[in-house]
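Asks: Before I ask anything, here is the structure I am working with.
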Amino acid sequence: MPVSANEPTSLLQRVAEQMEYSELIDAAVNAPAEDGSRILYIMAFAISSFSNSRVKERAIRKPFNPMLGETFELVREDKGFRFLAEKVSHRPVRMACQAEAKDWTFLQSPMPVQKFWGKSAELNTDGRARVFLHNPGPNNSGEHYSWTVATSFLRNIMAGEKYVEPVGTMTVVNETTGAKAIATFKAGGMFSGRSEEVSVQAFAPPDQGGAQLSLGLAGKWTAELHFTRDGADTKQAAWKAGPLVDQAEKRYGFTTFAAALNEITPVEEGKVAPTDSRLRADQRAVEEGDLDKAEALKAKLEERQRQRRRVMEEHGQQWEPRWFVKVAGGEEGGEGGGEEEWRLKIGKDGYWEERAKGEWTGVTDVLEA
Numbered sequence: 008m009p010v011s012a013n014e015p016t017s018l019l020q021r022v023a024e025q026m027e028y029s030e031l032i033d034a035a036v037n038a039p040a041e042d043g044s045r046i047l048y049i050m051a052f053a054i055s056s057f058s059n060s061r062v063k064e065r066a067i068r069k070p071f072n073p074m075l076g077e078t079f080e081l082v083r084e085d086k087g088f089r090f091l092a093e094k095v096s097h098r099p100v101r102m103a104c105q106a107e108a109k110d111w112t113f114l115q116s117p118m119p120v121q122k123f124w125g126k127s128a129e130l131n132t133d134g135r136a137r138v139f140l141h142n143p144g145p146n147n148s149g150e151h152y153s154w155t156v157a158t159s160f161l162r163n164i165m166a167g168e169k170y171v172e173p174v175g176t177m178t179v180v181n182e183t184t185g186a187k188a189i190a191t192f193k194a195g196g197m198f199s200g201r202s203e204e205v206s207v208q209a210f211a212p213p214d215q216g217g218a219q220l221s222l223g224l225a226g227k228w229t230a231e232l233h234f235t236r237d238g239a240d241t242k243q244a245a246w247k248a249g250p251l252v253d254q255a256e257k258r259y260g261f262t263t264f265a266a267a268l269n270e271i272t273p274v275e276e277g278k279v280a281p282t283d284s285r286l287r288a289d290q291r292a293v294e295e296g297d298l299d300k301a302e303a304l305k306a307k308l309e310e311r312q313r314q315r316r317r318v319m320e321e322h323g324q325q326w327e328p329r330w331f332v333k334v335a336g337g338e339e340g341g342e343g344g345g346e347e348e349w350r351l352k353i354g355k356d357g358y359w360e361e362r363a364k365g366e367w368t369g370v371t372d373v374l375e376a
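This is the structure we're talking about:
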């Protein structure tokens, strides 16, 4: 695909956009579990990740496919978390990411899967998102929540106004207690365009009967969610979408959060890994409007990637991700099989430890064109 089909961000940065509303996880830490508030805040966080696609301009282009071994870090001292994503597999494309805060950890190993159905593309994500709350739960032993991202459809891919809409249901499960919350995305009519309405019901743990709780959520995934009680709006806001950039229709439909992901601030200056998406020259050229330069640089990067793969194949070697280790799923390494799960390495070989030392031991510069 020509670079004109790309927005100037990578798929790793798109994954990082999930963290825009991390304060919802903070709220969950301090919310009561008994009435469903805690799991509803986790669900609000899960739903909020769709809001970055709320304007049509975001549906027109796609992010850059990262090089194998490309990374993206996000350190948000104002929000109290740090985040790292790495592309760990090229065929099929799979990323691994992990965010850490004082009271919680978020991780996911997403593999995007697309199916084309005539005028629409079905967008699925293989790889459950997981949130670990460190202190809540019985005896302050912590809680584990997980969910599979809801299916979305990209509509009108052949002609007409393109737009994205999530469909069906999405279930957040408290893996510690068995409690759950179910979001239902209202289906749009054949001729009525996109539906934006979503409602959420919360359910007690099985050992407490598993009944539906009176507290729920309702609203629009494009704008805001409110708490409901027995189906009636309580007027208490759970989440509200953040702003878009000025003249968003001319700037890829970016949110202000997404637009900031390409900035190299004093937090990153001279500290990010040489594999960070911010340092990708073809992507930067697109941001600067030089598409011819971007096309040439992209071709060089992709050819170098093919060369690395040929050399490894000739020597019977396989690519080893630098910062993440597989802990579940796949044919080798990890337990079980089925869904792959990757987690950040810890100790002296960990990303944040290397960053603190200003050393990048064993890192292949996959962005050198």
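Read left to right, the sequence shown gives residues 8 to 376 (our numbering).
The beta-carbon is built from N, C-alpha and C at its ideal position, and this holds for glycine as well.
#1: How many angstroms separate the CA atom of E334 from the CA atom of I49?
#2: Start and end of the alpha helix (DSSP H) containing N37?
#3: Following the continuous alpha helix (DSSP H) through Y170, name the residue where it begins and the one where it ends.
#4: What three-state label does DSSP hand M118 in the structure shown?
#5: What first and last residue would you give for the alpha helix (DSSP H) that runs through D356?
#6: Would you report the Cα separation of Q312 and E276, rounded to the nearest angstrom?
#7: In whole angstroms, give me the CA-to-CA distance for A218 and A211.
#8: Given this structure, state the Cα-to-Cα distance separating K227 from Y358, to the nearest angstrom.
#9: Kindly indicate which residue of N72, E321, R61 and L18 has the alpha-carbon position closest to the one of G309.
#10: Could you tell me the distance, in whole angstroms, from the CA atom of V22 to the CA atom of A239?
#11: Quick one: Cα of I164 to Cα of F123, how far?
#12: Less than 7 Å between C-beta atoms, sequence neighbours within five positions excluded: which residues of the same chain meet that for K281?
#13: Which partner residues of H151 appear in the DSSP bridge assignment?
#14: Using only CA atoms, which one of S44, G76, F192 and S206 lies nearest to F331?
#15: If you compare alpha carbons, which of Q325, G149 and A230 is closest to A40?
#16: Can you list, in chain order, the residues of its chain with a C-beta nearer than 6 Å to that of T263? Leave out the 5 residues immediately preceding and following it.
#17: For V156, which residues from the same chain have a beta carbon less than 6 Å from its beta carbon, with the 5 sequence-adjacent residues on both sides left out?
#18: By the 10 Å Cβ neighbour count, where 16 or more other Cβ atoms means buried, how is Q115 classified, buried or exposed?
#19: Taking the alpha-carbon of L220 as reference, which of M26, R45 and M8 has the nearest alpha-carbon?
#20: On a CA-only basis, which of R89, R329, A306 and A166 is nearest Q105? Give me that one, please.
#21: Tell whether a beta-carbon distance below 8 Å holds between A194 and V174.
#22: From M26, A103, P15 and F192, pick the residue whose C-alpha is nearest to that of S248; which is it?
#23: Sort out for me which residues DSSP pairs K300 with in a bridge.
#24: In this structure, does DSSP put G340 in helix, strand or coil?
#25: Could you please give the first and the last residue of the uninterrupted beta strand (DSSP E) stretch that includes E107?
#26: Candidates E347, R329, H141 and E182: which alpha carbon is nearest D356's?
#27: Whole angstroms is fine: what's the gap from S284's alpha carbon to K352's?
#28: If we ignore side chains and look at the alpha-carbon of each, how far apart do E24 and V293 end up?
#29: Using the Cβ count rule (16 or more neighbours within 10 Å means buried), how would you classify S55?
#30: Taking only the alpha-carbon atoms, compute the straight-line gap between V279 and P213 and give it to the nearest angstrom.
#31: Tell me the DSSP secondary structure of F261 in three-state form.
#32: From this set, N142, S159, S58 and A303, which residue's C-alpha is nearest M177's C-alpha?
#33: Please state the DSSP three-state secondary structure of D289.
Replies: Taking the structure as given:
#1: Per the sequence shown, the amino acid found at residue 334 is Val instead of Glu. When rounded, the distance between both Cα atoms is 24 Å.
#2: E30 to N37
#3: Where Y170 is concerned, there is no enclosing alpha helix (DSSP H), although the beta strand (DSSP E) it sits in stretches over Y170 to P173.
#4: strand
#5: That residue, D356, is in no alpha helix (DSSP H); it is neither H nor E in DSSP.
#6: 26 Å
#7: 6 Å
#8: 38 Å
#9: For the record, residue 309 in the displayed sequence is Glu; it is not Gly. For E309, the nearest C-alpha among the options comes from N72.
#10: 34 Å
#11: 9 Å
#12: Sequence check: residue 281 is Pro here, not Lys. Excluding positions up to five away in sequence, the list reads W367, V370, D372 and L374.
#13: F139
#14: G76
#15: G149
#16: P250 and V252
#17: T132
#18: buried
#19: R45
#20: R89
#21: yes
#22: Before going further, note that residue 248 is Ala rather than Ser in the sequence given. If we check each option's Cα against that of A248, M26 comes out closest.
#23: For K300, which the question treats as bridged, DSSP gives no partner whatsoever.
#24: Low confidence applies to G340: its pLDDT is 43, below 50, so where it sits in the model is not reliable, and the reading given next is rough at best. Coil at G340, not helix or strand.
#25: R101 to A108
#26: R329
#27: 20 Å
#28: 20 Å
#29: buried
#30: 46 Å
#31: coil
#32: S159
#33: helix
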